[in-house]
Structure formats: structure tokens, C-alpha cells
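Student: Counting the sequence shown from 1 gives a position; the numbering used here is that position plus 21. Built from N, CA and C at the ideal position, the CB exists for glycine as well. Keep in mind that this is a model prediction, so the values were computed, not measured. Questions regarding the structure given below will be posed in turn.
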Amino acid sequence: MGSGTGSTASFPPAPLPDGNIKSITIHSLEHACAALSAATALSCPVILQSAPGAAGNLGAMVFNQIISQAANQYPQAQCIAILDCADNAGLALNALRNGVKHISVDLEGQALIRISDIAEQSGATLMKINPLALDLKDVNYSDTSIHDWLLKDH
Numbered sequence: 022m023g024s025g026t027g028s029t030a031s032f033p034p035a036p037l038p039d040g041n042i043k044s045i046t047i048h049s050l051e052h053a054c055a056a057l058s059a060a061t062a063l064s065c066p067v068i069l070q071s072a073p074g075a076a077g078n079l080g081a082m083v084f085n086q087i088i089s090q091a092a093n094q095y096p097q098a099q100c101i102a103i104l105d106c107a108d109n110a111g112l113a114l115n116a117l118r119n120g121v122k123h124i125s126v127d128l129e130g131q132a133l134i135r136i137s138d139i140a141e142q143s144g145a146t147l148m149k150i151n152p153l154a155l156d157l158k159d160v161n162y163s164d165t166s167i168h169d170w171l172l173k174d175h
């Protein structure tokens, strides 16, 4: 894991094992740690995803720092982290330059093709955020509520 002090972060290796992997929308380091704590306790993989459009307000560097710090606290956690860049190709490029390995974009045509090519050259992947994810902003979360979500059959 990276130390969170540089401009890029090292994330747990992808891809995760096949299966029904739950997604959790995080907004802070506290959220990321709570999600990884629960996933570690259950020995199950998890997808940590940013809020929609978070690349524009949170930023790639802060997102990397949040994920790196949480992953350092829970090194056994098996996860991937997705930063949503919405429909902004510039934010997607910035995320890739800052070492984000999984981004979500809402682009079409040539813009999507170009971002996809750059992501591939950077060793990154384009992924979709899950609109049905557990959003920790919207719940009075606890280890129990996150555990229940991770165990829930969707």
C-alpha cells in the first residue's frame, strides 16, 4: 500500500474474485474505514465507490489519500475503489494522471474512446458505479448495518 503522502496511491490488486460483490458509496475516510472493517471481518470483497461526480468536488488526490489510508489500516481487505468523474473528460484525465486505477465516466463517442485508450495505457479500468450501492451518507451506519448490507442477498 502507498503511504498516502505522494501524488499516486497503490490500491489492492484488481480484479476481485467473481461473484456478487457489494458496492458501498463513501464520502470520507471514516466511511472507507468502516466499510473495510466490515469487509475484513466477513472476509468478503467490497467495492468502494465515490459519490456521483466526486472527482469534481473531492478530487482525485484526496480520493487516493482516503483509499490509501483506509487500505493501510485494513491491509487484509480485498477491495477496489472507483472514482466517479461524471461527464467530465478533464476530471477523468486528472484522475488517471493522479494514479486512480478505476474510474467511472458518463461519456460517449470519441471522448469515451480516448479516455478508454488512455486508461488502458495507464493500467486503469473504466467501471460503472452501482446506483444501488449502500450510501453511507444516507444511513446511520455502523459495523452492524454495513455487515448486514454485505451479507444481504441482492
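When you compare only the Cα positions, how much space is there between S125 and L104?
Tutor: If I take the Cα positions, the gap works out to 6 Å.
Student: Measuring CB atoms only, is the stretch 50-68 touching the stretch 108-118, in the sense that at least three cross pairs come out at less than 8 Å?
Tutor: no
Student: By the three-class DSSP mapping on this structure, what secondary structure does A145 have?
Tutor: coil
Student: What residue ranges within the stretch 71-157 form continuous alpha helix (DSSP H) runs of no fewer than 4 residues, ordered along the chain?
Tutor: Runs of the alpha helix (DSSP H) inside the stretch 71-157: 75-78, 81-94, 110-118, 130-143.
Student: Could you spell out where the alpha helix (DSSP H) holding S64 opens and where it closes?
Tutor: From DSSP, S64 is part of no alpha helix (DSSP H); its letter is neither H nor E.
Student: Is it true that the CB of I45 sits closer than 8 Å to the CB of A154?
Tutor: yes
Student: How is S44 classed by DSSP in three states: helix, strand or coil?
Tutor: In the structure shown, S44 adopts extended strand secondary structure according to DSSP, grouped into three states.
Student: Identify every residue that forms a DSSP beta bridge with L69.
Tutor: DSSP lists I45, A102 as partners of L69.
Student: Among C106, I88, A107, N151, which one has its Cα closest to the Cα of A55?
Tutor: When only C-alpha atoms are compared, the closest one is I88.
Student: Can you give me the Cβ contacts of H48 inside the same chain, cut-off strictly under 7 Å, excluding the 5 residues immediately before and after it?
Tutor: Closer than 7 Å at Cβ, skipping near neighbours: A72, L157, K158.
Student: With DSSP run on the structure shown, which of helix, strand or coil describes D169?
Tutor: helix
Student: What separation, rounded to the nearest whole angstrom, lies between the Cα atoms of A91 and K122?
Tutor: Answer to the nearest angstrom: the Cα atoms are 16 Å apart.
Student: Starting from the Cα of N119, find the closest Cα among I101, I134, D174, A76 and give me that residue.
Tutor: A76
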